[in-house]
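Numbering (our numbering), first residue to last: 766 to 1106. Beta carbons are placed, not taken as given, at the ideal position from N, Cα and C, and that holds for glycine. As the structure is a computational prediction, the values presented were derived from the model and not from experiment. Single-structure report; data block below.
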Amino acid sequence: MPEGPSSQTPGRRAYKRYAPQIWEDHKDTIRELFVEQGKTHNEVAAILKDHHGLAVGKTTEWGFVKNIPAKEMAKMVRHRQRRQKQDGRPTRFQRDPGAGGYQVVPAAKLDAYQQRSRVPEDFMSDSSDQLLEQLQAIESSSASGDRFRREFADMKLARSKALLGVFYSFIGRFSDAERAFEVSEQFMERETCAEIKLHRTLWYAEHKTRAQDWDGAFSLMCRANKVFMGIETASSFVIDHFPGRFISLRWAVSTRTPIDKILNEAGIDDRPFDSHLPSPIPGTPMAAHSSPAAAADSVLSPQRLFPPTPRGAQAEVDIEAWRQFVEYTPSEGTTASAATN
766 MPEGPSSQTP GRRAYKRYAP QIWEDHKDTI RELFVEQGKT HNEVAAILKD
816 HHGLAVGKTT EWGFVKNIPA KEMAKMVRHR QRRQKQDGRP TRFQRDPGAG
866 GYQVVPAAKL DAYQQRSRVP EDFMSDSSDQ LLEQLQAIES SSASGDRFRR
916 EFADMKLARS KALLGVFYSF IGRFSDAERA FEVSEQFMER ETCAEIKLHR
966 TLWYAEHKTR AQDWDGAFSL MCRANKVFMG IETASSFVID HFPGRFISLR
1016 WAVSTRTPID KILNEAGIDD RPFDSHLPSP IPGTPMAAHS SPAAAADSVL
1066 SPQRLFPPTP RGAQAEVDIE AWRQFVEYTP SEGTTASAAT N
């Protein structure tokens, strides 16, 4: 028989206070008798005293709640009915009323309540539950919409910053260009268009050659190549435009020469990156590495984004072209080279 220190109050019945471990050892027995078998407090107390040597006090001290509120029972019955209808599967409920820990709600108890009630006790509560489920679905959809809008806003910011980075780099404001590209990089994972992701990475690499950060340029080239090789279905724009960009950058990095000088040596000082290349000047690095150009009227064409000036510098800006580039979303089955937005 377990023993514990006595605690008595004059004129009141004496009970023993037991160590927590003793209660823990008998918790399953109490749960079985009181909750599962439905015995009264006095019956449970008598069994514990006669068979386990425990003199127990108030029922509330056990941490078990025997009577489940009607509203909660109705909710469990409705949930069980819906799941049975939808999935054809039984539902097992557990409650956590407090110190007693999780209690399994017997299926027989739910059956008995359903038999007694016939219809859920509170019809308004049932309607409210259904309305709440519908509102939660709408809220979830709205949250998804808000998240999509935030992500698209981030993506547009990243594209705008990349364009600013190119512009600053063209005019020699390298610190401003670096900051713009760094902001753009923060949202790179938002980008959904492979062509624009390649543009941004290669523009940044080309800027690095102007700033003579050769390690940075090489790292960005490797990243761009990974994107390029990971495209499952390449558009004609990707096929026509980017190989020439890679070749130019490779020569720039390998010879430690800014990208603009590489292009000038190829005899295309007054032409944009994606214009049709003239016959390469013999003896230049580009002589054996020319490639067809992408459509000049594409939304993604650098020729539209940065029209060349009469001096051959690409520092002009076409605001409408920028807007179309920033807001560009490729439609299914439409290649970037054919898009005109």
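Helix, strand or coil at residue i according to DSSP, with G and I counted as helix
| i | result |
| --- | --- |
| E1082 | Here residue 1082 is Val; the residue named in the question, Glu, does not match the sequence. DSSP places V1082 in coil when its eight states are reduced to three. |
| G995 | helix |
| F1071 | coil |
| V931 | helix |
| E808 | helix |
| L819 | coil |
| E1092 | coil |
| Q880 | helix |
| T794 | helix |
| P834 | coil |
| Q849 | helix |
| R944 | helix |
| A784 | coil |
| R912 | helix |
| R1021 | coil |
| I1027 | helix |
| R938 | coil |
| Q802 | coil |
| E886 | With a pLDDT of only 45 at E886, under 50, the local geometry of the prediction cannot be trusted, and no value is derived from it. |
| L813 | helix |
Burial state of residue i, where buried means 16 or more other Cβ atoms lie within 10 Å
| i | result |
| --- | --- |
| F993 | buried |
| F946 | buried |
| K814 | exposed |
| E1092 | exposed |
| R881 | exposed |
| P1095 | buried |
| D790 | exposed |
| T974 | buried |
| E971 | buried |
| K991 | exposed |
| P855 | exposed |
| G937 | exposed |
| S934 | buried |
| P834 | exposed |
| H816 | exposed |
| D1025 | buried |
| R845 | buried |
| G995 | exposed |
| P1067 | buried |
| T966 | buried |
| R848 | exposed |
| K836 | exposed |
| A872 | exposed |
| R924 | buried |
| I1084 | exposed |
| A811 | exposed |
| G818 | exposed |
| K850 | exposed |
| A918 | exposed |
| A784 | exposed |
| R857 | exposed |
| E1109 | Residue 1109 is absent from the model: the chain starts at 766 and stops at 1106. |
Cross-strand partners of residue i (DSSP beta bridge)
| i | result |
| --- | --- |
| V1064 | Note: V1064 sits in no beta bridge, so no partner. |
| V870 | F858 |
Cutoff 7 Å: residue i Cβ touching any chain D Cβ
| i | result |
| --- | --- |
| A959 | The question asks about chain D, but that chain is absent: this structure has only one protein chain. |
Practice task
May I have a chain-ordered list of the alpha helix (DSSP H) segments no shorter than 4 residues that lie completely inside the stretch 950-1013?
Solution key: 959-975 and 979-995
Practice task
Could you say if the stretch 933-947 and the stretch 911-921 meet the contact criterion of at least three C-beta pairs nearer than 8 Å?
Solution key: no
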